[in-house]
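Chains A and B are the protein sequences, given in the same order.
The first sequence stops at residue 393 when you use the numbering used here, and every number in between is there.
The second sequence stops at residue 1092 when you use the numbering used here, and every number in between is there.
Glycine included, C-beta positions come from ideal geometry on N, C-alpha and C.
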Amino acid sequence: MSPSGAEVLRQIKDRIDEVDPALVRDQLRDGALVIDVRQDDEWATGHLPGARHVPKSHLESRIEGVATDRSQPVVLYCASGQRSAWAARTLIEDLGFEHVSSMTGGFTLWKDRGYEVEVPRFMSAEQRDRYSRHLLLNEVGAEGQQKLLDAKVLLLGAGGLGSPAALYLAAAGIGTLGIVDDDVVDLSNLQRQVIHSSERVGVSKVDSAEQTINALNPDVKVEKHKLRLGADNIMDILPNYDIVVDGLDNFPTRYLLNDASVRLRIPVVSAAILGFDGQLSVFKPYEGPCYRCLFPVPPPAELAPSCGANGVIGVLPGTMGLLQATEVIKLILHIGNPLIGRLLMYDALAATITAVKIRRDPNCPICSRDPDDITDDELGVFPDYEAFCAGVH
Amino acid sequence: MATIRIPPVLRASVGGEREIRADGSNVGEILRAMAEAHPETQTQLFGSDGDLNRYVNVYVNDEDVRVLDGLDTPVGEADTLVILPAMAGGSR
């Protein structure tokens, strides 16, 4: 006669490690992988802070999304410790995990002990529909989408690079998009600045961008900064954001942005375009090089086409702006290999992408130092470039 | 002969080419050969001291020559030199 369910469960529990919630709490603090195997509706009422969610019914198909290394220790829990014991057996016997344990007493005992509980916030039915293609991705899912909705991204310029970046970041559900631009829409912008429209020629770019974004996704709050970024305002604006998207058209402000972002430890996703060529990199302070490590001094005016208007093929800022938006999303979700310490060069005519390594400069005047030691007076220190540019024209 | 990738701002100085080839067994020889063939690039690449200008980065394949042996970095036939001056330009 085959053994009863209770008997099988007892046998399983004999074979697997069971750990007390107090120990799991310590393990969580040390960054252990803890997986909640309950159903979606149970997870929704609250879970262990920092736990991942893989319902037992989807264990086999979804476990790889949270644990790829089978030798990594994994702690499972459910409501009472029974389903997690079954799930532990599956992980060990069917999927080859080496160190799996099950939390005694499950979430019920955890709560009875008065330990901290995290209650996930929930998306509306409309949001679940809107972001359904994100929710289907292991790399995003509900948790990732919530991170996007909580994120605050600052776009420097609603121009060539900022337009496509803003559109796709808005579509992705970035909760707050700040836009810095003091310009108005000009007919000559519309060949590439696709967030604006013919009927908005003469309208301020921040207002025009806001209208398009609101029409695309009402989840996004647009913060309009109708000004030119400068030493007098950068330290008021930047601290309100998690990531900056830099499409600046001049060197002095790029250096200013670099210095302020290093001091505030805010990553900058930077791109530049000219003609048929684009450059892209991510400057994440203290994890990789900064802009001054890459270019410690600006080029002279004759090698700095940013001094005046230059031709650009209209699709190029689209390509580069979307690569920026992609890096932003990767940074928010902590997925993939961000373009930190690498610079990507796109040659549209040759249809080639070349990447080179960028190193941190141990003697960098800015990022080799403690951020708190960088003073206001040092931000954006730069040769008299405007005079230099003026001399050229 | 190594291949040199020419950045947009220098193309006018090399007859509009995106890539050129030059002789030499190290970075310095190759860039000097290029400057000889295209004299306008001399002051764009080199300072009066004969060293690379600090605003120009040069890579052998994907590595910055400054972390290799600078102008003495050996370059093989199949290697590519990438010249990278700073670019701005985007929002307007």
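How big is the Cα-Cα spacing for residue i and residue j?
i, j, result
"phenylalanine 97(A)", "leucine 9(A)", "19 Å"
"leucine 1081(B)", "leucine 264(A)", "35 Å"
"isoleucine 16(A)", "alanine 85(A)", "7 Å"
"glycine 391(A)", "valine 268(A)", "Low local confidence applies: a pLDDT of 45 at glycine 391(A) is under 50, so the model's placement there is unreliable, and no value is given."
"lysine 357(A)", "alanine 44(A)", "44 Å"
"valine 19(A)", "isoleucine 266(A)", "39 Å"
"isoleucine 109(A)", "arginine 62(A)", "It should be noted that the sequence gives leucine, not isoleucine, for residue 109(A). If I take the Cα positions, the gap works out to 26 Å."
"glycine 114(A)", "leucine 33(A)", "21 Å"
"cysteine 307(A)", "asparagine 250(A)", "Here cysteine 307(A) scores only 44 on pLDDT, less than 50, and its place in the model is too uncertain to base an answer on."
"isoleucine 92(A)", "histidine 99(A)", "8 Å"
"valine 220(A)", "valine 1014(B)", "48 Å"
"glutamate 1017(B)", "aspartate 1072(B)", "25 Å"
"histidine 393(A)", "arginine 52(A)", "For histidine 393(A), the predicted structure reports a pLDDT of 36, less than 50, and the residue's modelled location is therefore unreliable. The matter cannot be settled from this model."
"isoleucine 968(B)", "leucine 28(A)", "Outside the modelled stretch of chain B, which goes from 1001 to 1092, sits residue 968(B), for which no answer is possible."
"tyrosine 343(A)", "leucine 349(A)", "A small fix is needed here, since residue 343(A) is leucine in this sequence, not tyrosine. Straight-line Cα distance between these residues: approximately 19 Å."
"aspartate 347(A)", "glutamate 42(A)", "51 Å"
"serine 188(A)", "isoleucine 374(A)", "40 Å"
"serine 1091(B)", "tyrosine 168(A)", "For serine 1091(B), the pLDDT reaches just 46, beneath the cut-off of 50, and the residue's location in the model is therefore unreliable, leaving the point undetermined."
"alanine 1119(B)", "glycine 275(A)", "Any answer about residue 1119(B) is impossible in this case: the structure gives chain B only from 1001 up to 1092."
"serine 163(A)", "alanine 215(A)", "15 Å"
"leucine 1052(B)", "leucine 1084(B)", "12 Å"
"valine 297(A)", "leucine 333(A)", "33 Å"
Looking at chain E, is there any beta carbon in it that lies within less than 8 Å of the beta carbon of residue i?
i, result
"proline 299(A)", "Here chain E cannot be found, since the structure's protein chains are A and B."
Looking at the secondary structure, which residues open and close the beta strand (DSSP E) in which residue i lies?
i, result
"glycine 178(A)", "176-180"
"serine 101(A)", "100-103"
"phenylalanine 283(A)", "277-283"
"histidine 225(A)", "221-225"
"aspartate 246(A)", "243-246"
"glutamate 1019(B)", "1019-1022"
"asparagine 1057(B)", "1056-1060"
"isoleucine 273(A)", "268-274"
"arginine 1005(B)", "1002-1005"
"lysine 357(A)", "352-357"
"isoleucine 329(A)", "That residue, isoleucine 329(A), is in no beta strand (DSSP E); its alpha helix (DSSP H) goes 315-333."
"leucine 76(A)", "74-77"
I'd like the span of the alpha helix (DSSP H) that includes residue i, first residue to last.
i, result
"proline 296(A)", "Where proline 296(A) is concerned, there is no enclosing alpha helix (DSSP H), given that its DSSP letter is neither H nor E."
"serine 163(A)", "162-172"
"isoleucine 12(A)", "5-15"
"leucine 33(A)", "No alpha helix (DSSP H) contains leucine 33(A), which is instead part of the beta strand (DSSP E) from 33-36."
"tyrosine 346(A)", "First-last for tyrosine 346(A): 342-347, but that is the beta strand (DSSP E), not the alpha helix (DSSP H)."
"alanine 215(A)", "205-216"
"leucine 149(A)", "141-150"
"leucine 256(A)", "251-264"
"valine 66(A)", "59-66"
If we call anything under 8 Å between Cβ atoms a contact, is residue i one with residue j?
i, j, result
"leucine 323(A)", "alanine 271(A)", "yes"
"alanine 165(A)", "isoleucine 329(A)", "no"
"cysteine 290(A)", "valine 262(A)", "yes"
"cysteine 364(A)", "tyrosine 286(A)", "no"
"serine 101(A)", "glycine 81(A)", "no"
"alanine 170(A)", "leucine 177(A)", "yes"
"valine 180(A)", "histidine 196(A)", "no"
"threonine 90(A)", "leucine 135(A)", "no"
"glycine 106(A)", "cysteine 78(A)", "yes"
"glycine 380(A)", "leucine 256(A)", "yes"
"glycine 314(A)", "glutamine 191(A)", "yes"
"lysine 56(A)", "arginine 83(A)", "yes"
"valine 1067(B)", "alanine 1002(B)", "no"
Within 7 Å: the Cβ of residue i and any heavy atom of the ligand NAD?
i, result
"isoleucine 35(A)", "Among the components modelled here there is no ligand, and therefore nothing to report on the ligand NAD."
Practice problem: Could you please tell me which residues of the region 1034-1055 of chain B, in chain order, have their CB closer than 7 Å to any CB of chain A? | Solution: Identification of residues in the region 1034-1055 of chain B having a C-beta nearer than 7 Å to some C-beta of chain A yields Gln1044, Arg1054 and Tyr1055, given in sequence order.
Quiz item: Which of the residues in the region 353-373 of chain A, read from start to end, lie with their CB under 8 Å from any CB of chain B?
Solution: Within the region 353-373 of chain A, the qualifying residues are Thr354, Ala355, Val356, Lys357, Ile358 and Arg359.
Quiz item: Using a beta-carbon distance cut-off of less than 8 Å, what residues from the region 77-88 of chain A approach chain B?
Solution: Within the region 77-88 of chain A, no residue has a Cβ that lies closer than 8 Å to any Cβ of chain B.
Quiz item: Is it true that the region 154-162 of chain A meets the region 242-250 of chain A, where meeting means three or more beta-carbon pairs spaced less than 8 Å apart?
Solution: Contact between the region 154-162 of chain A and the region 242-250 of chain A is present, because at least three Cβ pairs lie under 8 Å.
Exercise. Determine which residues of the region 266-278 of chain A have a Cβ less than 8 Å from any Cβ of chain B, and write them out in chain order.
Key: From the region 266-278 of chain A, only Ala271, Ala272, Ile273, Leu274, Gly275, Phe276 and Asp277 have a Cβ closer than 8 Å to chain B.
Quiz prompt | Three or more C-beta pairs below 8 Å linking the region 139-147 of chain A and the region 219-228 of chain A | solution = In the pairwise beta carbon analysis, the region 139-147 of chain A is classified as not touching the region 219-228 of chain A: fewer than three pairs are separated by under 8 Å.
Quiz item: Any contact of the region 201-217 of chain A with the region 110-122 of chain A, i.e. 3+ C-beta pairs under 8 Å?
Solution: Judged by Cβ distances under 8 Å, the region 201-217 of chain A makes no contact with the region 110-122 of chain A, as fewer than three pairs qualify.
Quiz item: Quick one, which residues of the region 1059-1088 of chain B are near chain A if we go by CB-CB under 9 Å, in chain order?
Solution: Within the region 1059-1088 of chain B, the residues whose Cβ lies closer than 9 Å to some Cβ of chain A are Tyr1059, Asn1061, Asp1062, Glu1063, Asp1064, Arg1066, Val1067, Thr1080, Val1082, Leu1084, Pro1085, Ala1086, Met1087 and Ala1088, listed in chain order.
Quiz item: Would you call the region 1033-1047 of chain B and the region 1004-1021 of chain B in contact, with 3 or more CB pairs under 8 Å?
Solution: Judged by pairs of C-beta atoms under 8 Å, the region 1033-1047 of chain B touches the region 1004-1021 of chain B, as three or more such pairs exist.
Quiz prompt | Residues of the region 335-351 of chain A whose Cβ lies closer than 9 Å to any Cβ of chain B, in chain order | solution = The residues in question are Arg342, Leu343, Met345, Asp347, Leu349 and Ala350.
Quiz item: Three or more beta-carbon pairs under 8 Å between the region 344-360 of chain A and the region 1059-1073 of chain B, yes or no?
Solution: Touching, yes.
Quiz prompt | the region 154-186 of chain A: positions lying closer than 8 Å to chain B by Cβ | solution = Within the region 154-186 of chain A, the residues whose Cβ lies closer than 8 Å to any Cβ of chain B are, in chain order, Leu156, Gly157, Ala158, Gly159, Gly160, Leu161, Gly162, Asp181 and Asp183.
Practice problem: Please list the residues of the region 249-264 of chain A that have a C-beta atom closer than 8 Å to any C-beta atom in chain B, keeping them in chain order. | Solution: If the cut-off is 8 Å between Cβ atoms, the region 249-264 of chain A has Asp249, Asn250, Phe251 and Arg254 near chain B.
Practice problem: Check each residue of the region 1013-1035 of chain B: if its Cβ is closer than 7 Å to any Cβ of chain A, include it; give the result in chain order. | Solution: Of all residues in the region 1013-1035 of chain B, Arg1018 have a Cβ within less than 7 Å of some Cβ in chain A.
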